[in-house]
Amino acid sequence: MTELHYLDASTALRLFRTRELSPVELLEAVAARTEAVNAGINALTETLFEEALPAARQAAASYARGRNLTPLLGLPVAAKEKHGLKGRTLSQGLVARKAERAEADHPVIDRIRRAGGIIHARTTTPEYSCATVTHSPLWGVTRNPWNPQYSPGGSSGGSGAALAAGLAPLATASDIAGSTRLPAAFTGTVGYKAPYGRIPGLAPLSADHYRGDGPMARTVADTALLANVMAGRHPGDHTSLDGGLALSTRAAGADSVAGLRIALCIRLGNYPVAADVEANTRAVASALRDAGAVVEEIDLPWTTEGISRTMFTHFGYLLGPAMEDETADSPELLAAYTRRFMADARKAAGENRFVDGIRAETRIQAELAAAMAGFDALICPSSAVAALDADGMYLDGIDAAGGVRLDHYWQGHMTAPFNITNRCPVLAVPSGMADCGIPTGVQIVGHPFDDATVFAVGAAVEAVRPWAARRPDLLVMS
141 MTELHYLDAS TALRLFRTRE LSPVELLEAV AARTEAVNAG INALTETLFE EALPAARQAA
201 ASYARGRNLT PLLGLPVAAK EKHGLKGRTL SQGLVARKAE RAEADHPVID RIRRAGGIIH
261 ARTTTPEYSC ATVTHSPLWG VTRNPWNPQY SPGGSSGGSG AALAAGLAPL ATASDIAGST
321 RLPAAFTGTV GYKAPYGRIP GLAPLSADHY RGDGPMARTV ADTALLANVM AGRHPGDHTS
381 LDGGLALSTR AAGADSVAGL RIALCIRLGN YPVAADVEAN TRAVASALRD AGAVVEEIDL
441 PWTTEGISRT MFTHFGYLLG PAMEDETADS PELLAAYTRR FMADARKAAG ENRFVDGIRA
501 ETRIQAELAA AMAGFDALIC PSSAVAALDA DGMYLDGIDA AGGVRLDHYW QGHMTAPFNI
561 TNRCPVLAVP SGMADCGIPT GVQIVGHPFD DATVFAVGAA VEAVRPWAAR RPDLLVMS
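First residue of the sequence shown? That's 141 in our numbering, and the numbers climb one at a time after it.
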């Protein structure tokens with residue numbers, strides 16, 4: 141039987157409606173689990189159980205009356221710290237900003253609360269969400285529940301670790317170069333990078349077409365549940381799209397991909413993919429083929445160097461300068477990886493004009509469109525490297541498969557191309573276990589704004605390669 145703190149959100153809602161389970165019972169189980177194990181992984185910046193408990197009681201009363209049963213009513217949701225809660229601290233991991241407070245709820249928090257979700261905890265990030273490991277001078281090192289030697293990824297690493305450890309059934313995340321999909325891969329959870337505009341963001345960086353806020357969960361159905369709540373036009377983000385989402389929140393069978401044409405791309409060009417990551421990706425492709433999908437292997441003409449240059453040119457004109465403005469009065473307090481990020485962005489902007497970056501982006505988009513022509517979706521690994529050290533800085537690059545040394549450790553991840561092509565939805569789902577004892581993941585990439593197909597394929601992967609019942613062998617630490 142599933143331990144209560146690992147109960148999936150969809151099942152919890154069903155049990156709430158039949159009154160076989162109270163939102164108070166679920167919240168108390170999550171609180172007890174947090175007390176037992178969070179010290180060993182450091183996934184949370186703070187817990188909010190005292191204010192969450194009255195909300196859970198109100199939810200229980202609503203279920204008893206059978207009225208006002210909103211989509212997330214009574215469900216605990218862990219919020220990434222960058223998603224501000226009105227009146228609470230909003231530091232983005234920066235020591236110099238640890239006392240600052242949010243003036244309003246972030247748009248995704250507003251949506252969650254209106255849907256009845258209960259924010260019970262906030263999750264760790266690296267500084268300014270600018271790294272794919274999760275550690276900072278303010279919060280320390282966040283560790284992977286599957287193997288604490290390794291990172292849960294970043295920047296939504298606290299959310300991924302919290303989900304994997306049973307500290308929440310749902311969590312918020314964000315993604316500007318893989319910050320949702322990498323933690324999903326490294327923690328065996330599910331993460332969704334929505335097409336740009338699908339889910340509202342916070343001005344002014346909501347205007348950055350690489351970025352996007354979104355959901356994480358332990359199942360595809362739960363991720364769809366939270367995505368449906370988050371999506372749609374919001375008055376605080378005029379770039380957000382009207383209409384919302386109506387993704388299926390029911391577990392699907394393997395036959396949902398019968399007849400679909402799926403492209404398999406192992407290396408996205410020349411990414412040096414680890415053998416265990418490749419084997420797990422091919423196993424997913426084989427299982428989809430057995431379920432009736434037509435799976436064909438393709439190539440793409442991309443290089444890690446070209447993708448990195450395009451990405452950092454973009455950052456050099458937007459995120460990098462924004463970070464420099466925010467930290468100008470206290471650069472000495474920044475982590476080394478933050479200083480490296482800003483320096484790389486500044487260098488790229490000095491070497492490339494903004495229009496050079498746009499030309500590269502449109503070429504990459506055209507190459508993806510050509511490769512996906514005649515296919516319904518594309519699958520590829522989330523990361524070429526199987527793991528990152530929990531406290532790693534990677535200032536001098538990273539060793540990858542085949543004896544390849546990458547100049548920048550971000551070149552070991554395969555997520556950034558789909559921020560460059562950011563109208564394409566991408567769902568990250570587990571693919572297996574790496575040799576080092578943590579999960580690996582695949583990305584399911586759809587045509588622009590075809591969210592439904594990536595969720596259908598993701599649900600089929602979940603059906604043919606069941607994952608949700610697997611748990612990290614986490615030691616209880618005090």
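Ideal placement from N, C-alpha and C gives every residue a C-beta, glycine not left out.
By the neighbour-count criterion, in which a residue is buried when 16 or more other Cβ atoms sit within 10 angstroms of its Cβ, Asp315 is buried. Distance from the CA atom of Gly341 to the CA atom of Arg373, rounded to whole angstroms, is 10 Å. In the same chain as Val435, and ignoring 5 residues on each side of it, the C-beta atoms closer than 6 Å to its own belong to Ile402, Leu404, Ala425, Leu428 and Arg429, in chain order. When DSSP states are grouped into helix, strand and coil, Pro441 belongs to the coil group. Going by C-alpha positions, Gly460 is about 51 Å away from Ala204. Contact check for Pro355 and Leu345: beta-carbon distance about 19 Å, past the 8 Å limit, so the pair fails to qualify. The residue among Val569, Asn559 and Ala599 with its C-alpha nearest the C-alpha of Pro335 is Asn559. Judged by their CB atoms, Gly331 and Ser295 are not nearer to each other than the 9 Å cut-off.
A direct Cα-to-Cα measurement between Arg407 and Ala540 gives close to 13 Å. In the three-state DSSP reduction, Met356 falls in the strand class (E or B).
Relative to Phe326, the option among Leu474, Gln583 and Arg605 whose CA is nearest is Gln583. With the rule of 3 Cβ pairs closer than 8 Å, the segment 243-256 counts as touching the segment 201-215. Ser162 and Ala152 have their C-alpha atoms spaced approximately 9 Å apart. Two segments are said to touch when three or more pairs of C-beta atoms, one from each, lie closer than 8 Å; by this definition the segment 411-421 does not touch the segment 384-392. Pro557 sits away from Gly586, with the two beta carbons spaced by 9 Å or more. Taken in chain order, the complete alpha helix (DSSP H) segments of 4 residues or longer contained in the segment 521-581 are 557-560. Excluding the 5 residues flanking it on each side, Leu234 has same chain C-beta neighbours closer than 6 Å at Glu267, in chain order. Assigned with DSSP and collapsed to three states, Lys222 falls in coil, not helix or strand. Straight-line measurement puts the Cα of Pro285 at about 8 Å from the Cα of Gly180.
Taking C-beta atoms as the reference points, Ile538 and Leu528 count as a pair closer than 9 Å. With contacts defined as CB atoms closer than 9 Å, Leu474 and Thr467 qualify as a contacting pair.
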